[in-house]
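For reference, the structure discussed in these notes is given below.
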Amino acid sequence: MALTEEDLKTIPEDGIDPENPGKYQTLLKDLQGNILNGHGRDHIVHLFLQFKSGQVNAVKRWIQNFAQKYIKSAEQQSDEAREYRTKKISGGIFANLYLSCQGYEYLQIDPWKIPTDQPFRLGMQNSDIQSSLNDPPPTDWESGFQQKPDALLLIADDNLTDLLKAVKEICSELSGLSKILHREDGFILRNAQKQIIEHFGYVDGVSQPLFLKRNIASALTNNSDFSKWDPRAPLSLILVKDPNGKTEDSYGSYLVCRKLEQDVQKFRQEVQNLAKQLGIDEALAGALVVGRFEDGTPVTLSNLPSQGMTSTNYFNNFNYDLDTQATRCPFHTHIRKVNPRGDTGRVESSPGFDEALKVERKHRIARRSVSFGEQDCTKEPTTGSGLLFLCFQADIENQFNLIQTRWANPKNFVQVNVGPDPLIGQPQGTQKWPKKWGGSISEEYGFKLPVKMKGGEYFFAPSLSFFKNLAITKF
Ligand code: HEM
């Protein structure tokens with residue numbers, strides 16, 4: 000029996016177990032991997048494709064073969080992860096294929112069978128989207144992003160040699176069929192303690208909505224309970240029915256992709272300037288920008304890093320209930336802007352705390368970003384390095400776009416004159432900072448934006464059964 004809407008909206012208490020999938024079996028077999036849980040490979044090549052005109056049938060055949068050979072389902076991803084944990088056998092190449100709205104049109108899919116999300120239909124270059132996100136005009140984007148891609152191919156492996164060999168083969172197969180508009184070679188950046196970080200040096204990927212049993216169990220081990228922040232999420236947060244799927248439980252997810260260049264030197268300089276102005280040390284100044292210290296310690300809980308935490312024990316069971324005036328973790332800090340953990344329930348117009356929190360949690364996104372550029376994390380690049388920001392969701396307008404346009408950018412969220420998110424708020428502005436941790440918020444400082452948007456697009460990750468029947472289906 001097909002899953003019901005209610006099934007999708009309900010959070011199974013312990014999460015979904017791909018090893019014992021029950022009613023989710025068909026869904027997990029037909030859903031591309033990397034959506035419910037990151038694929039975990041260290042090296043990732045991203046190819047932004049524009050298919051050549053007059054090659055529709057050949058492109059369809061190529062996608063069908065590619066899906067058979069390389070794209071892994073959520074079920075396969077879990078099987079391979081188990082083999083790796085128990086026998087150290089690598090799953091090898093992992094691939095995903097995502098289509099833009101233009102890609103669906105190229106493949107001559109009936110308009111009513113193209114996923115319906117409005118920003119997806121319009122594309123990231125659309126002038127209304129661009130002005131609502133406050134993005135630079137596409138003419139200022141990196142040249143490879145100035146043309147619209149039909150598809151994004153993600154190919155990943157832990158073994159870089161094997162990966163580059165597979166990418167070379169794939170590029171040669173594609174040569175008559177597609178132009179490669181842009182290639183982005185990404186990787187998982189780690190610090191000396193092997194923790195996953197982004198280029199500014201902060202551990203990343205700590206707070207995520209969780210769907211699978213293993214992830215929920217490990218979050219419970221790290222946080223002992225979910226009393227202050229529950230990371231569990233229903234599948235409806237990120238999955239929607241694939242209108243072209245061939246099974247009763249064929250699902251897909253919308254992917255937002257943005258190339259965000261990070262000026263590391265500028266960030267460090269700005270943190271130094273801020274520390275001087277506030278009369279505090281640089282570690283705390285950085286935490287007042289990001290919301291966590293470099294090691295992941297939330298600044299709302301501590302004015303020092305590593306309070307009772309080990310490198311593998313990131314703390315995520317917290318909220319801002321004891322910091323409602325934002326004197327420890329300012330409202331503008333990156334993590335408080337993009338996940339207010341209940342702050343929206345404290346404003347006057349709110350329908351009540353619990354109700355507001357319920358709505359607020361529906362805006363969460365599943366981040367799957369990777370770093371690009373400089374791989375030596377002791378260097379301080381000014382250009383050419385950054386985050387290829389990737390996130391999955393069921394509703395772009397209500398999730399990524401809302402976070403960027405209604406929370407990160409505006410200076411008046413969740414109170415007046417908070418200022419924009421100092422990492423990603425566009426345009427940059429002035430924030431209010433506490434003179435000392437826990438003290439009154441009286442200092443004004445405009446943190447100079449260290450992140451530049453270089454291009455991007457909205458995609459859909461269709462089900463495997465759509466791809467595997469593409470050349471033999473009439474649309
Ligand atoms: C170069 C740009 C960015 C950098 C350097 C960055 C960095 C970070 C860091 C260090 C964390 C804390 C670790 C964690 O909780 O996982 C974080 C969390 C997060 N970021 Fe970003 N980020 C960037 C862009 C974005 C964008 C564009 C969005 C969405 C609009 C976003 C959404 C989030 C969310 C939702 C969290 C989790 C917050 C929480 O649940 O507490 N980030 N980011």
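Under numbering that gives the first Met the number 0, the first residue of the sequence shown carries the number 0, and numbering increases by one thereafter. Using N, Cα and C, we set each Cβ at its ideal position, and we do this for glycine too. Nothing here was measured: the structure is a model prediction, and the numbers come from that model.
Using a Cβ-Cβ cut-off of 7 Å (strictly less than) and excluding sequence neighbours within five positions of residue i, which residues of its own chain qualify?
{"i": "Ser-349", "result": "Thr-343, Ala-355"}
{"i": "Asp-248", "result": "Ala-1, Leu-2, Thr-25, Leu-26, Asp-29"}
{"i": "Ala-274", "result": "Asp-280, Glu-281, Ala-284"}
{"i": "Ile-70", "result": "Gln-31, Ala-94, Asn-95, Leu-96, Leu-463, Phe-466"}
{"i": "Ile-471", "result": "none"}
What residue does the alpha helix (DSSP H) around residue i start on, and which one ends it?
{"i": "Phe-314", "result": "Note, Phe-314: premise wrong, no alpha helix (DSSP H); not H, not E."}
{"i": "Pro-118", "result": "117-121"}
{"i": "Gly-102", "result": "100-105"}
{"i": "Ile-169", "result": "159-173"}
{"i": "Arg-405", "result": "Per DSSP, Arg-405 belongs to no alpha helix (DSSP H) and is neither H nor E."}
Could you say which of the options lies nearest to residue i if we only look at CA atoms?
{"i": "Ser-99", "options": "Ala-460, Leu-469, Cys-170", "result": "Ala-460"}
{"i": "Asp-394", "options": "Phe-317, Leu-236, Gln-324", "result": "Leu-236"}
{"i": "Met-452", "options": "Gly-21, Lys-258, Pro-136, Gln-430", "result": "Lys-258"}
{"i": "Thr-296", "options": "Lys-378, Ser-206, Gly-351", "result": "Ser-206"}
{"i": "Gly-484", "options": "Gln-276, Gln-63, Lys-357", "result": "Summary: the structure shown does not reach residue 484, with the chain confined to residues 0 through 474, and so no result is reported for it."}
{"i": "Gln-374", "options": "Gln-425, Val-166, His-198", "result": "His-198"}
{"i": "Gln-324", "options": "Glu-379, Val-298, Ser-439, Trp-228", "result": "Ser-439"}
{"i": "Arg-120", "options": "Gln-101, Leu-48, Leu-401", "result": "Gln-101"}
{"i": "Lys-227", "options": "Tyr-319, Glu-442, Asp-184", "result": "Tyr-319"}
{"i": "Lys-357", "options": "Val-346, Gly-341, Arg-345", "result": "Gly-341"}
Is the separation between the beta-carbon of residue i and that of residue j shorter than 8 Å?
{"i": "Gly-372", "j": "His-333", "result": "no"}
{"i": "Ala-66", "j": "Phe-466", "result": "yes"}
{"i": "Asp-157", "j": "Arg-40", "result": "yes"}
{"i": "Leu-209", "j": "Trp-432", "result": "no"}
{"i": "Gln-261", "j": "Ser-384", "result": "yes"}
{"i": "Leu-35", "j": "Leu-211", "result": "yes"}
{"i": "Pro-137", "j": "Gln-145", "result": "yes"}
{"i": "His-331", "j": "Pro-419", "result": "yes"}
{"i": "Asp-116", "j": "Phe-474", "result": "no"}
{"i": "Ile-92", "j": "Ile-154", "result": "yes"}
{"i": "Thr-9", "j": "Pro-233", "result": "yes"}
{"i": "Trp-140", "j": "Gly-351", "result": "no"}
{"i": "Pro-329", "j": "Glu-359", "result": "no"}
{"i": "Gln-107", "j": "Val-58", "result": "no"}
Grab me the residues of residue i's own chain with a C-beta within less than 6 Å of its C-beta, minus the 5 sequence neighbours each way, in chain order.
{"i": "Pro-17", "result": "Leu-27, Glu-74, Ser-77"}
{"i": "Ser-310", "result": "The pLDDT assigned to Ser-310 is 46, lower than 50, so where the model puts this residue is not dependable; a value taken from the coordinates is nonetheless given after this. Here the set comprises Gln-192, Gln-194."}
{"i": "Leu-448", "result": "Gln-427"}
{"i": "Glu-5", "result": "none"}
{"i": "Asn-19", "result": "none"}
For residue i and residue j, which I take to be in contact (beta-carbon distance under 8 Å), what is that distance rounded to the nearest angstrom?
{"i": "Asn-222", "j": "Asn-133", "result": "So it is not a contact: roughly 35 Å between Cβ atoms."}
{"i": "Gln-264", "j": "Thr-404", "result": "Incorrect: roughly 29 Å between the Cβ atoms, too far for contact."}
{"i": "Ile-423", "j": "Phe-391", "result": "Rounded, the Cβ-Cβ distance is 18 Å, inconsistent with contact."}
{"i": "Cys-376", "j": "Asn-190", "result": "6 Å"}
{"i": "Tyr-250", "j": "Ser-89", "result": "In fact, because the Cβ distance is near 27 Å, the residues do not count as touching under 8 Å."}
{"i": "Tyr-97", "j": "Leu-151", "result": "5 Å"}
{"i": "Glu-293", "j": "Gly-200", "result": "5 Å"}
{"i": "Cys-256", "j": "Phe-458", "result": "6 Å"}
{"i": "Ser-368", "j": "Phe-388", "result": "5 Å"}
Residue range of the beta strand (DSSP E) that residue i falls in?
{"i": "His-333", "result": "First-last for His-333: 333-337, but that is the alpha helix (DSSP H), not the beta strand (DSSP E)."}
{"i": "Leu-48", "result": "42-50"}
{"i": "Ala-393", "result": "First-last for Ala-393: undefined, no H or E at that position."}
{"i": "Ile-179", "result": "177-186"}
{"i": "Ser-77", "result": "From DSSP, Ser-77 is part of no beta strand (DSSP E) but of the alpha helix (DSSP H) over 73-86."}
{"i": "Gln-261", "result": "250-261"}
With a CB to CB cut of under 8 Å and the five nearest residues on each side skipped, what residues in its chain are close to residue i?
{"i": "Gly-508", "result": "For residue 508 there is no data in the structure shown, the boundaries of the chain being 0 and 474."}
{"i": "Leu-219", "result": "Phe-225"}
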